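Under the working numbering, the first residue of the sequence shown is numbered 570, with each subsequent residue one higher.
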Amino acid sequence: MPAAHVLIYEDGKVSTKRYWDISFAHTCNDDEATAVERTRHLLEEATRIRLMSEVPWAPS
570 MPAAHVLIYE DGKVSTKRYW DISFAHTCND DEATAVERTR HLLEEATRIR LMSEVPWAPS
């Protein structure tokens with residue numbers, strides 16, 4: 570299977586279909602260190618907001 574494809578079995582026939590395709594329309598002029606730090610920050614923030622709980626918790 571190629572990456573980003575799904576296998577379809579229908580009416581006795583097998584085919585593949587691409588389900589994901591990324592577009593790089595926006596260019597980035599950051600140097601590598603800045604791009605790495607920016608990506609790290611975005612991933613940490615995305616994870617943090619998804620792990621927030623409405624109830625307080627304490628380690629056991």
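All C-beta atoms in this analysis are idealised placements derived from N, C-alpha and C, irrespective of residue type, glycine included. As the structure is a prediction and not an experimental result, all values here were calculated from the model.
- Separation of the CB atoms of A573 and W589 is rounded to 4 Å, and the pair is thereby assigned contact status at 8 Å.
- In the displayed model, H610 falls within a helix according to three-state DSSP.
- I577 is a Cβ neighbour of S584, given a cutoff of 7 Å.
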